[in-house]
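Engineer: Chains as they are written, first to last, in my numbering: chain G, 564 to 1013; chain A, 272 to 494.
Every residue, glycine too, gets a C-beta built ideally from N, C-alpha and C.
Because the structure is a prediction, the values reported are computed rather than measured.
The structure follows.
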Amino acid sequence: MSADRASPIIEPGHSFASVTDQISAIVLGRKTPRGWWIGFAISFALLMMLNIAVTYLFARGVGIWGINIPIGWGFAIVNFVWWVGIGHAGTLISAILLLLRQKWRTSINRFAEAMTIFAVACAGAFPLLHMGRPWLFYWLLPYPNTMYTWPQFRSPLVWDVFAVSTYATVSLLFWFVGMIPDLATLRDRAKNRITQVVYGVLSMGWRGSAVHWHRYETASLLLAGLATPLVLSVHTVVSFDFAIGIIPGWHTTIFPPYFVAGAIYSGFAMVMSLAIPLRKFYKLEDFITMRHLDNMAKVMLATGLIVAYGYMLETFSAFYSGDVYEKFMVLNRWTGPYAFFYWSLITCNIVLPQLMWLRRVRANTLVLFVLSIVVNTGMWLERFIIVVTSLHRDFLPSSWGMYWPTQWDIYTFFGTIGLFLTLFYLFIRFLPVIAISEMRGLVKEEEGKR
Amino acid sequence: MAQIFHRSTNTLARVSIYGSVFVLLVLSFVLYGLSKSPYYTEVNEPKDQPVPFSHRHHAGELGIDCRYCHTSVEDSSFAGLPPTKTCMTCHSQIWTNSAMLEPVRSSYATGKSLEWVRVNALPDFVYFNHSIHIHKGIGCTTCHGPVGDMPLTWKANTLQMSWCLECHRNPEKYVRPREKVFLPLYEPPANQEEMGEKLVAEYKIPEVKKGNLMLTNCTTCHR
């Protein structure tokens, strides 16, 4: 305990100038590292694969996917829930930890927020692609139309539209507003005219006056206040997509809290997956310290246990209910045709992450990185199990079926990973990955202590 | 350090923020207007036909019953378009040399149908049935407009879903006595509301207002 507490959230010996130099050099440095180009090329290739998959989808319709009655929700919904969930850690770090005055959030909040926005972009694509006629997506919005109808407000799918679009808007605003002082720093340090103009426009005339700072602080707090309930509400609404339905395996009251915990769990796993390579390749170990990784591992451990509790309660209430369909659903998950995926999920989400109880594991970046990937996989499997196993065995054996993804499902899924990584590579290259102005604040505090 | 931007940029920034709100508002008004305009809905725009058939002359002035040509309107979902021989019941005797009617005669001689230009078309995902509307006291002109006064036929209503629902939600505003359904020109009486209420009850039209949602159920029209 004491050892963890003692390890700093910024390594000693940094001044205002060194912090600013090191972070802004990633953007303003002359040469783009070769590793960046390789990573970007691979991500961009995946993005182009998404392009092809979506074009073919629009030409042929959703029949190219593996979905069919009784499993109408295949990869598209699995991926949607997975991506939305990942976004939640970014909001938790930037909003809730800000309000709770957790200093250690400072160096990871910027790229965690970026991760949120990119993840929501990937998530938002799936329900649209899943529509039979995606070009009519605006029918989901209430507007004065020639049909004289409103969307079905009793349907959680409509709540989803509002939840996710609010989430995307607030996250984007929060991210951008937080970045304005840093963009101004980049503008002031830029060497050539084009860079000056681009960052100049983005920083919206920031001069760093007391009035500017006052408004900036107020806006940040307001946005944090707006974003805080979203951490809980968005995934609650997503869980309603399932919980409102009367399908065994969906229709339980544990879903909202268990989905929110799962979202934060997978989100922190993704932050970890991004932070570990990022700090290594860009030599940011001074800013994203072992203390950060340790704290994130602990958050994962806690949320992972809530998720485990969710699985337990799901099983318990199935048997406690005495309902034959509920009991069958659980037994079918354990021993049915998708049992392999169920037990993989338990291994990835519950068994292996327990290693993080050990301090040695939390201090080993390689093991932490592997574990974060394991948890991400596990959380994806969880959504797969929820969507597919619940649907494939209906009340009537005559309407049972099986679901396997087609190649197009797989291209689309990995394509969105390409979209996510492409955006992330661009973000690393063109925007400050760590909040410079907030880091300067930390430097000042550290000096005060000495 | 030299300034990056000229002073005018401040104004430009403000104008562009307020301007974008304004542009969005105007754009949505334009789109809304377009969706209601004849340019998009084709309402009140007479269509050219292979033969300039006049409903005003045949139905209005001569008083030929709608069902003389649109024979299946009482029994079927489709009102029916007349075959050429229906035209020839009269035009084998009168106007036999009219140049205007040449396409009709050649159609009759060759057996190749006249290709009329469709005026009122519903999308394929709508199930619409003429006969039920006729039997429940909805007149031809309620939807098709003053046909008895149309030299060339035009679409009188948008056929947009909002228009369908307007009547499905308030049938008493449009229903008329069954014996007046086929009048080519019809003006609703002054006591329409009162008469309508009575007819709705008499013809057993399901009333949304009284909790019978049959007429606004999605699957009534989208099967």
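Going along the chain, which residues of its own chain have a beta-carbon closer than 6 Å to the beta-carbon of glycine 653 of chain G, five neighbours each way excluded?
Structural biologist: Result list for glycine 653 of chain G: Ala675, Glu676, Met678 and Thr679, in chain order.
Engineer: Rounded to whole angstroms, how far is the Cβ of glycine 530 of chain G from the Cβ of proline 968 of chain G, which I believe are closer than 8 Å?
Structural biologist: Nothing can be reported for residue 530 of chain G: it is not among the residues displayed for chain G, which extend from 564 to 1013.
Engineer: Is the Cβ of threonine 732 of chain G closer than 8 Å to any Cβ of chain A?
Structural biologist: Taking Cβ atoms only, chain A never reaches closer than 8 Å to threonine 732 of chain G, which makes this a no.
Engineer: Measuring only the C-alpha atoms, how far is histidine 328 of chain A from threonine 424 of chain A?
Structural biologist: Straight-line Cα distance between these residues: approximately 11 Å.
Engineer: Have a look at alanine 608 of chain G and alanine 616 of chain G and give me their C-alpha separation to the nearest angstrom.
Structural biologist: Roughly 12 Å separates the two Cα atoms.
Engineer: Counting Cβ pairs, one atom from each stretch, are 3 or more of them under 8 Å apart for the segment 641-661 of chain G and the segment 935-950 of chain G?
Structural biologist: Result yes; three or more Cβ-Cβ pairs closer than 8 Å.
Engineer: Along the chain, where does the alpha helix (DSSP H) containing glycine 653 of chain G start, and where does it finish?
Structural biologist: 638-654 is the span of the alpha helix (DSSP H), which, as asked, contains glycine 653 of chain G.
Engineer: Relative to the alpha-carbon of arginine 668 of chain G, which residue among G:Ile997, G:Lys1007 and G:Glu1010 has its alpha-carbon at the smallest distance?
Structural biologist: Nearest of G:Ile997, G:Lys1007 and G:Glu1010 to arginine 668 of chain G, Cα basis: G:Ile997.
Engineer: Valine 1006 of chain G and valine 590 of chain G look like a contact to me (Cβ under 8 Å); what is the Cβ gap, rounded to whole Å?
Structural biologist: Their Cβ separation, rounded to whole angstroms, is 20 Å, which puts valine 1006 of chain G and valine 590 of chain G out of contact at 8 Å.
Engineer: Under 6 Å Cβ to Cβ from leucine 864 of chain G, same chain only, skipping five residues before and after it: list those, please.
Structural biologist: Once the five neighbours on either side are set aside, the close Cβ partners of leucine 864 of chain G are Met919.
Engineer: Between which two residues does the alpha helix (DSSP H) containing histidine 362 of chain A stretch?
Structural biologist: Counting along the chain, the alpha helix (DSSP H) containing histidine 362 of chain A begins and ends at 355-362.
Engineer: For valine 761 of chain G, return the contacting residues in chain A, with the cut-off set at a CB-CB distance below 9 Å.
Structural biologist: Here the premise fails: no neighbours, minimum Cβ distance about 10 Å.
Engineer: Taking 8 Å as the cut-off, decide whether the C-beta atoms of arginine 449 of chain A and tyrosine 457 of chain A are in contact.
Structural biologist: No; because the gap between Cβ atoms is not below 8 Å, this pair is not in contact.
Engineer: What are the uninterrupted segments assigned as alpha helix (DSSP H) that are 4 or more residues long and contained completely in the segment 971-999 of chain G, given in chain order?
Structural biologist: Runs found: none.
Engineer: Starting from glycine 867 of chain G, trace the alpha helix (DSSP H) in both directions and tell me its first and last residue.
Structural biologist: Glycine 867 of chain G -> alpha helix (DSSP H) spans 853-884.
Engineer: Rounded to whole angstroms, what is the Cα-Cα separation between tryptophan 897 of chain G and proline 819 of chain G?
Structural biologist: Distance between the alpha carbons of tryptophan 897 of chain G and proline 819 of chain G is about 23 Å.
Engineer: Considering just the uninterrupted stretch of the alpha helix (DSSP H) at arginine 922 of chain G, what are its terminal residues?
Structural biologist: From DSSP, the alpha helix (DSSP H) with arginine 922 of chain G extends over 922-925.
Engineer: Can you have a look at tyrosine 730 of chain G and say buried or exposed, based on whether 16 or more other CB atoms are within 10 angstroms of its CB?
Structural biologist: So tyrosine 730 of chain G ends up on the buried side.
Engineer: How long is the line joining the alpha carbons of tyrosine 706 of chain G and tryptophan 713 of chain G, rounded to whole angstroms?
Structural biologist: If you take the alpha carbons of tyrosine 706 of chain G and tryptophan 713 of chain G, they lie about 8 Å apart.
Engineer: So leucine 436 of chain A contacts chain G; which residues on that side make the cut at Cβ distance below 7 Å?
Structural biologist: Result: Tyr711.
Engineer: In three-state terms, what does DSSP make of asparagine 532 of chain G?
Structural biologist: The requested residue 532 of chain G is not part of the displayed model; chain G covers only 564 to 1013.
Engineer: DSSP has isoleucine 634 of chain G in a bridge; who is on the other side?
Structural biologist: Its beta-bridge partners are G:Asn631.
Engineer: Determine the burial state of serine 836 of chain G: buried for a count of at least 16 other Cβ atoms within 10 Å of its Cβ, exposed for fewer.
Structural biologist: With 16 or more Cβ atoms within 10 Å of its Cβ, serine 836 of chain G is classed as buried.
Engineer: Give the interface partners of glycine 768 of chain G over in chain A, defined as CB-CB distance under 9 Å, in chain order.
Structural biologist: Those within 9 Å of glycine 768 of chain G in chain A are Phe276, Thr280, Asn281 and Ala284.
Engineer: Applying the 10 Å Cβ sphere with the 16-neighbour rule, what's the burial state of histidine 855 of chain G?
Structural biologist: Result: buried.
Engineer: Run the proximity test for leucine 333 of chain A: is its beta-carbon closer than 7 Å to any non-hydrogen atom belonging to the ligand ADP?
Structural biologist: With respect to small molecules bound, the structure shown includes none, and the ligand ADP cannot be examined in it.
Engineer: Pick from A:Ala370, A:Ser378, A:Ser363 and A:Thr312: whose alpha carbon is nearest that of proline 354 of chain A?
Structural biologist: Of the listed residues, the one whose Cα sits closest to proline 354 of chain A is A:Ser378.
Engineer: Taking 8 Å as the threshold (beta carbon to beta carbon), is proline 697 of chain G in contact with chain A?
Structural biologist: So, not an interface residue.
Engineer: Would you please state the rounded distance, in angstroms, between the beta carbons of isoleucine 476 of chain A and proline 442 of chain A? I believe it to be under 8 Å.
Structural biologist: Indeed, because the Cβ distance is near 5 Å, the residues count as touching under 8 Å.
Engineer: Examine chain A for any beta-carbon lying closer than 8 Å to the beta-carbon of proline 705 of chain G, and answer yes or no.
Structural biologist: No, because no Cβ of chain A sits closer than 8 Å to the Cβ of proline 705 of chain G.
Engineer: Output the boundary residues of the alpha helix (DSSP H) element that contains phenylalanine 891 of chain G.
Structural biologist: Per DSSP, phenylalanine 891 of chain G belongs to the alpha helix (DSSP H) from 887-898.
Engineer: State yes or no: is the beta carbon of serine 433 of chain A nearer than 8 Å to at least one beta carbon in chain G?
Structural biologist: Closer than 8 Å: yes.
Engineer: So what does DSSP say about valine 823 of chain G, is it helix, strand or coil?
Structural biologist: It is helical.
Engineer: Any beta carbon from chain G within less than 8 Å of glycine 290 of chain A's own beta carbon?
Structural biologist: Glycine 290 of chain A does not count as touching chain G.
Engineer: When the cut-off is 8 Å and only beta carbons count, does serine 308 of chain A lie next to chain G?
Structural biologist: Taking Cβ atoms only, chain G never reaches closer than 8 Å to serine 308 of chain A, which makes this a no.
Engineer: In chain G, what lies closer than 9 Å to tyrosine 398 of chain A by C-beta?
Structural biologist: Here the premise fails: no neighbours, minimum Cβ distance about 16 Å.
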